[in-house]
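**Q** Below you'll find the structure I mean.
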Amino acid sequence: MEPGNRSARDWSRETAICLVIFLAALFIVIAVSIPGLVINDEWMTVNQVHQLSAGHQVSLNEGKYGSYYGGIPSRYFTRMNNVLRYSLALPLASMPAMLAISLFGDHFRLAVLFLWASIPLVTTLLVSRAFPEYARVLSVRLPVIGAVATFLLLVLNGIWYSPFIASTANAPVEVAAVVFTSHLFFALTIVMAYLIAARIFHNRWMAVAAAVFCMAGSTYLLWGGTAKDHSATAAVFSLVLFFFVSYFQSRRFRDAACGFFFIGLLAWFRPEIGLAAAICLGILFAAENLLRIWQKKDTMASGLAHMGAVLFTALGALPFFINNLIVSGNPLLPALVMERNVRYGITNVVVSPVSPVAETGSQVVTADPVTLGSGFFVTLQQYVFTLPRGLPGDLAGILFFPENGSLGFFLIVPVLLLALVLLPFFLLQKREKNNLFREDMKILILLSAAVFLVFLAYTHNLHNINTGDGIWPDIRYLSPAYLPATLLGLLLLEKMDLIHDPGILVRNTVIPGFLLAVFLAVPAIATVPAGNISLHTLYRFFGILVLAEILAIAALVLVSGKRGRPGSFLAEYALPVPVLTVLAWQLVLILLVFPIAKFDGYSFWIPCMDALHQAWGHLSACP
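Take the position in the sequence shown, starting the count at 1, then add 32; the result is the number in the numbering used here.
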């Protein structure tokens with residue numbers, strides 16, 4: 033139902049649901065996260081935040097993170113010519129969190145704790161206000177339960193509370209700011225999953241199921257607790273997807289304009305995905321309008337007016353051009369490409385040693401059309417879509433078991449894999465029902481294009497993605513595609529009549545998921561001594577387990593389809609199993625591996641989690 037046709041009560045309920053989902057996602061990610069770095073690429077972002085907050089230049093590393101004593105760049109920054117080659121999008125988005133940390137000082141952890149602990153109370157107030165029929169549990173008012181939960185969380189965590197030092201020169205406050213900002217982007221992505229699904233399925237419970245599956249059957253929770261830009265990119269990509277889904281259903285010009293605006297903004301976060309989105313979704317958008325003109329559903333003037341929405345891409349990309357102008361002096365030359373130019377001696381930049389305020393000769397703004405044109409050509413060379421040798425083998429590895437030992441794309445999104453396994457059997461057995469897909473064909477094509485364009489963005493680098501040791505624990509560059517892939521899988525399963533009751537589906541995913549979060553963490557952390565774990569073995573175990581579950585479920589559904597109602601069986605029992613297995617894998621990494629692997633940061637946000645982990649660490653170290 034469109035917002036304009038909703039009653040005020042329906043609108044307030046939808047708003048309350050979005051707020052509850054946002055707060056629930058934020059509660060979960062804060063509860064399990066450690067504000068620290070997990071890969072050395074994150075040094076770039078936190079250095080950018082540090083230099084922005086100090087009012088310094090942001091082209092070269094000034095050495096707070098990723099440098100040895102004496103200001104000598106580490107091997108990582110030496111290899112990168114000491115250039116900060118990442119976009120300023122995430123660092124700038126993290127500045128409000130930096131401001132909040134500066135206001136609270138050494139007790140900013142306490143502010144996060146109060147925010148986190150208040151979520152149960154705020155959530156129950158929202159639910160009781162918007163849904164009075166659910167305002168009581170066994171004659172006890174829901175806000176009372178929320179208030180008690182908030183009080184207990186504050187008291188229990190107050191026992192083990194200790195501040196995070198922020199007042200010293202080397203305090204990793206920038207890490208905390210970026211990680212907390214990633215939390216917010218993660219929560220936004222889950223809300224957008226709900227909103228997109230609500231538009232696609234026109235069913236509130238199905239939309240909630242999509243949000244839950246998006247959080248559990250992906251790595252959004254994992255990357256939402258880091259300083260990498262994967263959560264931010266996924267959030268902006270979800271906004272693009274939302275407005276394009278809205279446009280294909282409503283044909284409102286403002287939806288198309290917003291969709292292209294966020295494509296431009298996406299280029300600021302990830303130029304390669306922004307370019308691929310502009311091309312793929314632009315072609316799809318133009319084809320839709322040209323087809324309507326050809327079918328005489330729209331006049332030529334109306335169709336061309338709609339296609340004018342493409343111009344909003346440039347408006348959304350303004351931060352991208354300004355970013356390039358600040359960092360490289362050329363609006364068409366991103367910092368990533370500038371670093372490659374430095375490597376090959378094209379751009380003259382002083383790269384070492386690290387000084388308190390590094391000098392750079394690359395920030396001379398140019399208006400020379402030849403220079404601008406060459407910058408544009410070099411940029412296109414970097415992001416051109418090429419088909420490398422060995423594409424079939426690399427693609428097969430990326431989809432299932434990459435050579436670098438990570439978990440493949442299909443194994444992270446088991447809903448789509450299950451749907452694709454079952455689809456041929458459905459088409460063969462129910463040919464007369466093939467028209468079921470026609471009413472949602474535009475959405476199916478759009479979701480497929482959204483998945484495809486993310487792969488297209490990295491065609492020039494597929495071999496490295498398949499084999500590179502730095503690509504872990506999943507094929508993380510492809511993570512924006514997890515959202516449309518999940519929605520595509522759910523839509524196919526629904527069209528195959530394999531999801532009868534989404535409410536039961538949510539219940540059988542959320543409740544076991546909560547129990548899994550509790551009971552999986554205890555034995556995993558308590559029984560594995562620190563550092564005594566093979567990550568590749570861990571990934572392979574969970575990957576094989578998910579694949580076996582998918583094949584078993586497909587076989588059971590096909591067999592039961594000849595005897596009864598496979599949809600009821602799939603919805604109530606089977607479908608949540610592989611999704612919860614992926615959630616279990618995420619939790620093992622977050623609660624077992626990350627506390628060991630993270631560096632340049634603090635401990636868990638939540639003192640109780642910190643105390644539990646330390647206690648289990650002592651127990652696991654005992655002979």
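Glycine is no exception: its CB is placed at the ideal position from the N, C-alpha and C atoms.
Please report how far the alpha carbon of W617 lies from the alpha carbon of I638, in whole angstroms.
**A** Taking the straight line from one Cα to the other gives about 21 Å.
**Q** May I ask you to report which of helix, strand or coil DSSP gives D666?
**A** Residue 666 lies beyond the stretch modelled for the chain, which goes from 33 to 655, so this question has no answer here.
**Q** Which residue marks the beginning of the alpha helix (DSSP H) containing N496, and which one marks its end?
**A** First-last of the alpha helix (DSSP H) with N496: L494 to T499.
**Q** Quick test of the definition: if touching needs 3 or more C-beta pairs under 8 Å, does the segment 177-193 touch the segment 477-485?
**A** Verdict: no, contact absent.
**Q** DSSP has D506 in a bridge; who is on the other side?
**A** Answer is L439, bridged to D506.
**Q** Taking the Cβ atom as the reference point for each residue, do L116 and N93 lie within a distance shorter than 8 Å?
**A** Yes, they are a contact pair.
**Q** What three-state label does DSSP hand V445 in the structure shown?
**A** Reduced to three states, the DSSP call for V445 is coil.
**Q** Can you name the residues that DSSP bridges to P105?
**A** Note: P105 sits in a beta bridge opposite S99.
**Q** Got a sec, what are the start and stop residues for the alpha helix (DSSP H) P424 sits in?
**A** First-last of the alpha helix (DSSP H) with P424: L423 to L431.
**Q** According to DSSP, is L69 helix, strand or coil?
**A** In this structure, L69 counts as strand in the three-state DSSP scheme.
**Q** Given that a residue counts as buried once 16 or more other Cβ atoms are within 10 Å of its Cβ, and exposed if not, what is T47?
**A** With fewer than 16 other Cβ atoms within 10 Å, it is exposed.
**Q** Taking the straight line between their C-alpha atoms, what separation do you get for A239 and P534?
**A** So the alpha carbons of these two residues sit roughly 9 Å apart.
**Q** I need the boundaries of the alpha helix (DSSP H) containing D287, first residue and last residue.
**A** From DSSP, the alpha helix (DSSP H) with D287 extends over F285 to F301.
**Q** Please classify N202: is it buried, with 16 or more other beta-carbons within 10 angstroms of its beta-carbon, or exposed?
**A** When all chains shown are included, N202 counts as exposed.
**Q** Are M224 and F274 close, meaning C-beta to C-beta below 8 Å?
**A** The answer is yes: Cβ separation under 8 Å.
**Q** Do V207 and A259 have their C-beta atoms closer together than 8 Å?
**A** Cβ distance < 8 Å, so V207 and A259 count as in contact.
**Q** Once DSSP output is grouped into helix, strand and coil, what is the label at L92?
**A** Here L92 sits in strand by DSSP.
**Q** So, under 8 Å CB-CB, V611 and V483 are touching, yes? Tell me the CB distance rounded to an integer number of Å.
**A** So it is not a contact: roughly 18 Å between Cβ atoms.
**Q** Are the beta-carbon atoms belonging to W237 and V542 less than 8 Å from one another?
**A** The answer is no: Cβ separation not under 8 Å.
**Q** Looking only at DSSP bridge pairs, what is V169 linked to?
**A** According to DSSP, which records beta bridges pairwise, V169 is partnered with V172.
**Q** Can you name, in chain order, every residue of its own chain whose Cβ lies under 8 Å from the Cβ of I49, other than the five neighbours on each side?
**A** Contacts found: A162, Y226, R236 and V240.
**Q** If you run the structure through DSSP and keep just helix, strand and coil, what is F217?
**A** Residue state, collapsed to three classes: helix.
**Q** Out of P204, S85 and A149, which one is the CA nearest neighbour of I66?
**A** The shortest Cα separation from I66 among P204, S85 and A149 belongs to P204.
**Q** For F636, which three-state DSSP category applies?
**A** DSSP places F636 in coil when its eight states are reduced to three.
**Q** Our contact map puts A264 next to F217 with C-beta atoms below 8 Å; I'd like the distance itself, whole angstroms only.
**A** Right, the Cβ-Cβ distance comes to about 5 Å (below 8 Å), so this counts as a contact.
**Q** Identify, in the order they occur along the chain, each residue of the same chain with its Cβ nearer than 8 Å to the Cβ of D287, setting aside the five sequence neighbours on each side.
**A** Closer than 8 Å at Cβ, skipping near neighbours: F275, F276, S278 and Y279.
**Q** With distances taken from CA atoms, which of A333, A308, W300 and F344 is nearest V359?
**A** For V359, the nearest C-alpha among the options comes from W300.
**Q** Let's test the definition: count the other Cβ atoms within 10 Å of the Cβ of V369 and tell me whether it reaches 16, buried, or not, exposed.
**A** Buried.
**Q** Check whether the segment 143-163 and the segment 55-72 are in contact - that is, three or more C-beta pairs closer than 8 Å.
**A** Yes: at least three Cβ pairs fall under 8 Å.
**Q** Would you kindly work out how many angstroms separate the C-alpha atoms of G633 and I622, rounded to a whole number?
**A** Taking the straight line joining both Cα atoms gives about 15 Å.
**Q** Return the chain-ordered list of same chain residues with a C-beta closer than 7 Å to the C-beta of S106, the five sequence neighbours on each side being excluded.
**A** Counting only Cβ-Cβ distances below 7 Å, and skipping sequence neighbours, we find G98, S99 and Y100.
**Q** Under DSSP, the alpha helix (DSSP H) around K260 begins and ends at which residues?
**A** Premise fails: K260 is in no alpha helix (DSSP H) and is neither H nor E.
**Q** Should F344 and F292 be called a contact, given that it needs their Cβ atoms to be closer than 8 Å?
**A** Yes, they are a contact pair.
**Q** Does the Cβ of Q461 have 16 or more other Cβ atoms within 10 Å, making it buried, or fewer, making it exposed?
**A** Result: exposed.
**Q** Give the secondary structure of V397 by DSSP, where H, G and I count as helix, E and B as strand, and everything else as coil.
**A** Because V397 sits at a pLDDT of 43, beneath the cut-off of 50, its placement in the model cannot be relied upon, and the following sentence gives the value as read from the coordinates. If DSSP states are grouped into helix, strand and coil, V397 belongs with coil.
**Q** Give the straight-line distance between the Cα atoms of P175 and R284, rounded to the nearest whole angstrom.
**A** So the two alpha carbons sit approximately 40 Å from each other.
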